[in-house]
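Letter 251 of the sequence shown, counting from 1, is numbered 251 in full-length UniProt numbering, and no numbers are missing.
Below is one structure, written out as C-alpha cells, with a few remarks after it.
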Amino acid sequence: MSKVHSTQTHHFQAEVAQLLHLVTHSLYSNPEIFLRELISNASDACDKLRFEALNQSELYESDPDLAIRITLDKSKKTLTITDNGIGMSEQEAIDHLGTIAKSGTKDFMSRLSGDQKTDAQLIGQFGVGFYSGFIVADKITVESRRAGVPAADGVRWVSNGTGDFTVERIDRPARGTSVILHLREDAEQYLNAWQVKQVVNKYSDHISLPIQMLKEVWQDAKEENQPGQMVTTDEWETINSASALWTRPKKDVSDEQYTEFYKHISHDFHAPLAWTHNRVEGATEYTQLLFIPAKAPQDLYYRDSQSGLKLYVKRVFIMDSAEQLLPNYLRFIKGVIDSADLPLNVSRELLQESRDVRAIREGNTRRILSTLEQLASSENTAEQEKFATFYAEFGAVLKEGLGEDTSNRDKIAKLLRFASTNSDSVTRSLTDYKAAMPEGQTAIYYITAENFAAAKNSPQLELFRKKGIEVLLMTDRIDEWALGFLTEFDGTPLQSVTKGAVDLGALQDDEEKKAAEAAAEQLKPLLEQLQETLKDKAKAVRITTRLVDSPACLVQDQNDLSPQLAKMFKQMGQDVPESKPILEINPEHALVKRLESQARTAKFDDLAQVIFDQAMLAEGEVPADPVAYLRRVNALLLG
1 MSKVHSTQTH HFQAEVAQLL HLVTHSLYSN PEIFLRELIS NASDACDKLR
51 FEALNQSELY ESDPDLAIRI TLDKSKKTLT ITDNGIGMSE QEAIDHLGTI
101 AKSGTKDFMS RLSGDQKTDA QLIGQFGVGF YSGFIVADKI TVESRRAGVP
151 AADGVRWVSN GTGDFTVERI DRPARGTSVI LHLREDAEQY LNAWQVKQVV
201 NKYSDHISLP IQMLKEVWQD AKEENQPGQM VTTDEWETIN SASALWTRPK
251 KDVSDEQYTE FYKHISHDFH APLAWTHNRV EGATEYTQLL FIPAKAPQDL
301 YYRDSQSGLK LYVKRVFIMD SAEQLLPNYL RFIKGVIDSA DLPLNVSREL
351 LQESRDVRAI REGNTRRILS TLEQLASSEN TAEQEKFATF YAEFGAVLKE
401 GLGEDTSNRD KIAKLLRFAS TNSDSVTRSL TDYKAAMPEG QTAIYYITAE
451 NFAAAKNSPQ LELFRKKGIE VLLMTDRIDE WALGFLTEFD GTPLQSVTKG
501 AVDLGALQDD EEKKAAEAAA EQLKPLLEQL QETLKDKAKA VRITTRLVDS
551 PACLVQDQND LSPQLAKMFK QMGQDVPESK PILEINPEHA LVKRLESQAR
601 TAKFDDLAQV IFDQAMLAEG EVPADPVAYL RRVNALLLG
C-alpha cells in the first residue's frame, strides 16, 4: 500500500472556479469530447518527456516505450487515463490544475457567457481541456510523478469540481500521470469498453502513441441455459492506428481524420477551413501538414500569445509553437512540420540561424498563399465562401504581410479584398478594380477611415462619384500602415483620395481645372484671411475641385501621417510628429459664399472655425473643443 503524507487543501483560482461551474452545468454540448481532451493532454506529456530525454536519457528510467492506457472499473465506476510521460511534481500539480496559467486569462473569462458553442471554443483555445473531465465526473483524482524524481515524490490531486482541491504526497513507482474519473450516474456508458473504443477511434485515432486497453474476449457460458459474456483479460491491445497522421499517404487519410487531427493540435472546436499536406524533397526534406482555421483565436493580437507550428525531427517531437517556421502575419496557421535534416537537439536559437529552417519557412509561406489563392479564384461556390470566411477572420492580419514579406508582397496584394463605392460588401479585389477602370484612369483610388460609414460618406468622394470613378473603402486600423508598403499594383499606382491635391488627369475636364484656378485667384483674399484665422489648426487653405455638395474637407500632405495612422502609433506608445491638415474649400458652396460676404466682420472667425470643425466631423474626428463648436453653431443659428 502506498505511503500517504499529509493532505493540504487549496482553493481554485477564481477564474477556474467560474470555469468549473460552467463545465458542470453542461458547457460542452457533446460530452464525449472529454476523452479527446484528456488523451490529447496525455499525448502532450509523452511528447514533452521525449523532448527532455534528448539530453537526459535517464528520464526514461526503465520504461522507454511510451503509451497511453485506458482502464475501466465497473465496480468503482471509474475511468482512468494513464500515460508514462513527463509527469508532474507537487507544485506543478498545484500550478497546472489549480490555475489557468496562460496570458489573457481575465479577457478569457470575461468572454465566457454560458453559450455552449462559444464557450467550448474558448476553453479549447486557452488550453484548459483538463477541466472537461467534470462533464462526466463528479470527482477527479490525479496521481502523478515527474520523470527523474524518487518514487516517494509522487503527488495525488483530488477535486469534486467545486471551490477546493486537495494535494498530498504519495509513493508512486511509475513515472507519468493517471487521471481517474469518478463517473456520474448519467455518464456510466463510458464504463462500456466498446463505447470508449468508438470514441477513441472517432477523435484520437491519429495520436502517434499507442492507446491501449485491456483486451476483451467472448467467453461461452459454462453451464447450459446461461448466457455467454465478454471477459477482460490481462493482455493490453492497441485500439488506435498509433502512426503519425502526417506520415501517411494523403490517399489513406480521410477528411474526418484530418479534421480531428486539427482539433487535437489546435484545441479548436471548429473544423478547419482548408489544409495542405505535402512531402517536400530537394535540398531540404520535410513533411508539412498545415491547416487554415475557420475562426480567429481570441489571443490573435496578444503580444505574448504563443503561435507557430509543432516541430518534429524524424517523427521525434521537438517543440510546440516553433514560430520560426512561419512569418508573423501567418501566425494563425496550425500544423506540423517533420524535418529529415534538422538535428534532434535543435533549440529555438539555432532555429533562427538555420538555413534549413529558412527554406522550410519560405516553403510553408508559399504553400499557404497558394492554397488561399486557390480558394479565392475557385469557381466553386463552397470554396468561395471558405475564402470569404477566411478573409473576414484573418484579412487584417494578412495585410501585415505587405510590410513584413517583400518577396511575397504581390501574392498577398492579389488576396486582399475591400468594399468600394460600387459595393458595400468586402469582395472587391485589386485585380477586379483594375479590370473595371475606365480609359484614361491612371491610378487605383482608395480612402481610409475609422469605420465604413465614415469612409462611404466622406466628402472627398463627391467628385469621384460625380465622375463615376470607383474608390476602394478601407476601414481596418492597419490599412493606412499596410498601404504605405503597396505603392502600386500590377504597374498601376495606388492613390489615397485624402492626400495631396486631387488630380484625375484625363478624367477631369479642362473647364473644371480653369474654373478652379480662376476661383483661387478671385478668392485669394478669402484664402489668406482663412489661413490667418486657422493658422493653429490648418497647414494651408486652398480651393478644391474634389467637393460637390460639401463646403470643405480636410486632406493631408502627400507625406504626412493620416489621423488614423497617427492615432494607432500613439496607442502603441510611439512618438508621432505633429502635423496639421490642409483645409480645402468648395468655392461654389453657399456657406463659402456666406463666409466671403462676412470677410472682415466679427462673425468671420466663428464661421471659419465652424466650417473647419464640420470638416473634422465629416472625417469621423471630434473637434478639439466641442463646447466651443456648439457655442459657435448656436450663435450662428440665432444670429
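Cβ coordinates follow ideal geometry from the N, Cα and C atoms, glycine included.
If the five residues before and after Phe394 are omitted, its C-beta is found closer than 7 angstroms to the C-beta atoms of Ala296, Phe332, all from its own chain and listed in chain order. Within the model, the alpha-carbon separation for Val397 versus Asp299 is close to 13 angstroms. The DSSP-derived three-state label of Ala340 is coil.
Taking 4 residues as the shortest admissible run, the region 441-474 contains the following complete alpha helix (DSSP H) segments, listed from N- to C-terminal end: 452-456, 462-467. Rounded to the nearest whole angstrom, the CA to CA distance from Trp481 to Leu565 is 7 angstroms. According to DSSP, residue pairing for Gln598 in a beta bridge does not occur.
A distance below 9 angstroms separates the beta carbons of Ala147 and Arg175. Ser89 and Asp153 do touch by the CB rule: their CB atoms are close to 7 angstroms apart, below 8 angstroms. Within the same chain, Cβ atoms closer than 6 angstroms to the Cβ of Lys499 are found at Gln556, Gln558, the five residues on either side in sequence being excluded.
Closest option to Lys466, judged by alpha-carbon separation, among Asp509, Phe12, Leu181: Asp509. Residue environment: Gly491 is assigned as exposed (fewer than 16 neighbouring CB atoms within 10 Å of its CB, all protein chains considered). Inclusion of Arg546 and Glu462 in the CB contact set at 9 angstroms is warranted, their separation being smaller than that value.
About 6 angstroms separates the beta carbons of Val280 and Gly363, which is inside the 8 angstroms limit, making them a contact pair. For the pair of segments examined, the region 196-207 was found not to touch the region 162-176: the number of CB pairs separated by less than 8 angstroms stays below three.
With contact defined as three or more Cβ pairs closer than 8 angstroms, the region 284-293 and the region 366-380 are in contact. The beta carbon of Ser420 is closer than 8 angstroms to those of Arg428, Tyr433, Glu470, Val471, Leu472, Leu473 in its chain, skipping five residues each way along the sequence. Pairing Ala42 with Ile68 gives a Cβ-Cβ distance under 9 angstroms. A contact between stretches requires three or more CB pairs, one per stretch, nearer than 8 angstroms, and the region 411-419 fails this requirement with the region 318-326. With contacts defined as CB atoms closer than 9 angstroms, Arg36 and Glu260 qualify as a contacting pair. In the DSSP assignment, the residues bridged to Tyr286 are Val280, Ser339. Closest in alpha carbon position to Thr233, among Leu72, Gly85, Gln324, is Leu72. CA-CA distance, Arg417 to Thr389, rounds to 12 angstroms.
Minimum Cα-Cα distance from Lys139 among the listed residues Met437, Ser550, Asp164 corresponds to Asp164.
According to the DSSP assignment, Glu168 belongs to the beta strand (DSSP E) that extends over 164-170.
In the DSSP assignment, Trp218 falls within the unbroken beta strand (DSSP E) covering 211-219. Here the C-alpha atom of Leu351 lies approximately 6 angstroms from the C-alpha atom of Val357. The alpha-carbon of Ala443 is positioned some 5 angstroms away from that of Pro493. Pro581 and Ala519 do not touch by the CB rule: their CB atoms are close to 21 angstroms apart, not below 8 angstroms.
Counting only the Cα atoms, Gln374 lies some 12 angstroms from Thr381.
In the DSSP assignment, Ile239 falls outside any alpha helix (DSSP H), carrying neither H nor E.
Of the candidates Glu235, Asn84, Val167, the residue whose Cα lies closest to the Cα of His11 is Val167.
For Ala618, the CB contacts under 6 angstroms within the same chain, skipping 5 residues up- and downstream, are Pro459 in chain order. Beta-bridge partners assigned by DSSP to Gln229: Gln219.
The three-state reading of DSSP puts Glu488 in strand, counting E and B together. Within the DSSP bridge table, the entry for Ser144 names Val155, Thr177 as partners. Scanning its chain for C-beta atoms nearer than 6 angstroms, with the 5 sequence neighbours on each side dropped, one finds around Thr544 the residues Glu584, in chain order.
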